[in-house]
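Protein chains in written order, with the UniProt record's numbering: chain A, 1 to 453; chain B, 1 to 111.
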């Protein structure tokens, strides 16, 4: 019985020792076990928030110290001491590692932060306003052009057999306005006595561009319509004339090649019976007096502010070349009458005025066609044109010489190349002989030969 | 039927309209160079906006594209305008994808 009691007591003690702290039972196996498994006191929970880590390093360390003291007496607890040391180290390192960390400013999400996008909102508002203005301005400009055309189409159709050709169909078409830009429109008319063609170009203010509108507040611009008549070659005597509002005509005189070359006589408008604010640039006084008859002068004085300029020329070739540049060949010239008038929008009264101006324009064109210079005047103008041509020839003489020399050298080089490439020896010999003869001839001094008959 | 003696019309003398050749539009370009200038300026601003990550440059590029579009000629290549718009829009989008923060307004300094 006592033996049984002793066995039970031993068994009970053995079971009790199994449930005790694992450190005591597992000491023998400590070296075979992982460090983490033997630890029961709670380490700081990974990953701890860094702020909390700064506050928390001391309590866990303090907690560990008493626990460490319990196990200090146990010499076999190597693992635990090491683990405690390693656990202390991360805590001591952790505060140091946290210092260099910086918090970046993460911006709030778009949707939660609309109010701070003020500059973006302003730019978007400007863009929307710009596009609205574009649509509105384009509509106004188109309205101006189309209204003018519909009001004066009949008058044009009485003068031209084709009004409003677009050049796209096989047969000439009618009634088309060509839209070059959102502020520039053109109408092509053809089929008239003495006139090859008429191009009506309407240049409105750039209402569709908000930037131009703002600039227009500082320097106001006006809508204008330009009639360019190309006359038949034999219709016009050679002379050049420009008359109109002084500023506009002076600017044309500076910019256009024919006016700056030929129209050297400058007069104020009042001398010819024109309005005081007008000016004349002409090659011949006789032409100015012949064109500007009393009836025309009355009309010009009546529409002084509406008519910008009248330019008639047989040497029109566009704008002058910028300084430093010269023509390589004489530019092509055309016989033109170019009249620029203000374009306005309005009611019946304005349309009547425009009709009167249109009739006046056709009158001027027919006058220019029929006007004939006196013999002396014609000789003078022909002399002017010859002088210009000779001056051009002189300035380009050197260039032409160089070009001729280059051409000659090119021809010689080609001949020599042909000789070298020739495979047939007979032909080659013949070509070489010809080349030698040619060289001898060119080396001889050039003498004029007189033919005796 | 012959036209009346005072009738100036001559149907046998008709000359057709020749539209301006888009390839030879140099003369017109010199007349009004605004669309070309705005195109180039728009491209420069787009590049600055994309590479230097400057948001205001990207917005300026968009504005330049709009001005170029408003001043363009009918016979100009529409591809150029469309590509200019696409480039400026991509500059704006890329700038905000990289950094969604708003542009600091100049009046913020006074607040």
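The beta carbon of each residue, even a glycine, is placed where N, CA and C say it ideally should be.
Please read all numbers here as calculations on a predicted model, not as lab measurements.
In terms of Cα proximity to residue 257/A, the closest of 388/A, 296/A, 112/A is 388/A. The segment 215-224 of chain A makes no contact with the segment 236-250 of chain A; the number of CB pairs closer than 8 Å stays below 3. For residue 394/A, the closest of 314/A, 327/A, 370/A, 156/A by C-alpha to C-alpha distance is 327/A. One finds 102, 103 in chain B with Cβ atoms closer than 7 Å to the Cβ of residue 120/A, taken in chain order. Under a 10 Å Cβ-count criterion, residue 298/A is classified as exposed, with fewer than 16 other Cβ atoms of the shown protein chains found around its own Cβ.
Contacts between residue 191/A and chain B, judged by CB atoms closer than 7 Å, involve 9, 10, 11, 13, 14 in chain order. Residues of the segment 367-398 of chain A that bring their beta carbon within less than 9 Å of a beta carbon in chain B are absent altogether.
Within chain A, no C-beta atom comes nearer than 7 Å to that of residue 39/B; the closest sits roughly 14 Å away. Fully contained in the segment 233-277 of chain A are the following beta strand (DSSP E) runs of length 3 or more, in chain order: 241-245, 265-268.
Identification of chain A residues near residue 67/B by a Cβ-Cβ cut-off of 7 Å yields 209, 211, ordered along the chain. Residue 87/B is outside the set of residues whose beta carbon lies under 8 Å from a beta carbon in chain A. For residue 202/A, the uninterrupted beta strand (DSSP E) run begins and ends at 195-203, by DSSP. Exposed is the label assigned to residue 398/A, since fewer than 16 other Cβ atoms lie within 10 Å of its Cβ. Between the alpha carbons of residue 79/B and residue 166/A lies a distance of about 24 Å. The closest CA to that of residue 147/A, considering only 375/A, 344/A, 441/A, 324/A, is found on 344/A. In the DSSP assignment, residue 279/A forms a beta bridge with 244/A, 268/A. Residue 189/A: member of the beta strand (DSSP E) spanning 184-192, first to last residue. Remark: three or more beta-carbon pairs, one from each stretch, lie closer than 8 Å, so the segment 286-304 of chain A and the segment 265-278 of chain A are flagged as touching. With a beta-carbon spacing of about 5 Å, residue 339/A and residue 361/A fall inside the 8 Å limit used to define contacts. A residue is called buried when at least 16 other Cβ atoms come within 10 angstroms of its Cβ; residue 202/A meets this threshold and is buried. Residues of the segment 165-178 of chain A whose Cβ lies closer than 8 Å to any Cβ of chain B, in chain order: 165, 166, 167, 168, 172, 178.
Straight through space, the alpha carbons of residue 446/A and residue 401/A are spaced by roughly 18 Å. Residue 242/A places its beta carbon less than 8 Å from that of residue 259/A. In this structure, the straight-line span from the alpha carbon of residue 282/A to that of residue 74/B is close to 37 Å. In this chain, the alpha helix (DSSP H) harbouring residue 154/A covers 118-159. The C-beta of residue 19/B comes closer than 8 Å to at least one C-beta of chain A. Between residue 70/B and chain A, the shortest Cβ-Cβ separation is below 8 Å. A Cβ-Cβ separation of about 59 Å leaves residue 98/B out of contact with residue 190/A under the 8 Å criterion. Contact check for residue 310/A against residue 244/A passes: the beta carbons are separated by less than 8 Å. Selection 396/A, 235/A, 352/A, 210/A evaluated against residue 128/A yields 210/A as nearest (Cα-Cα). Counting only runs of 3+ residues, the beta strand (DSSP E) found wholly inside the segment 315-342 of chain A occupies 334-342, in chain order.
When DSSP states are grouped into helix, strand and coil, residue 162/A belongs to the strand group. Collapsing the DSSP output to three states places residue 312/A in a strand.
Taking 8 Å as the threshold, the shortest C-beta distance from residue 334/A to chain B does not fall below it.
Per the C-alpha coordinates, the member of 222/A, 199/A, 254/A positioned closest to residue 231/A is 199/A.
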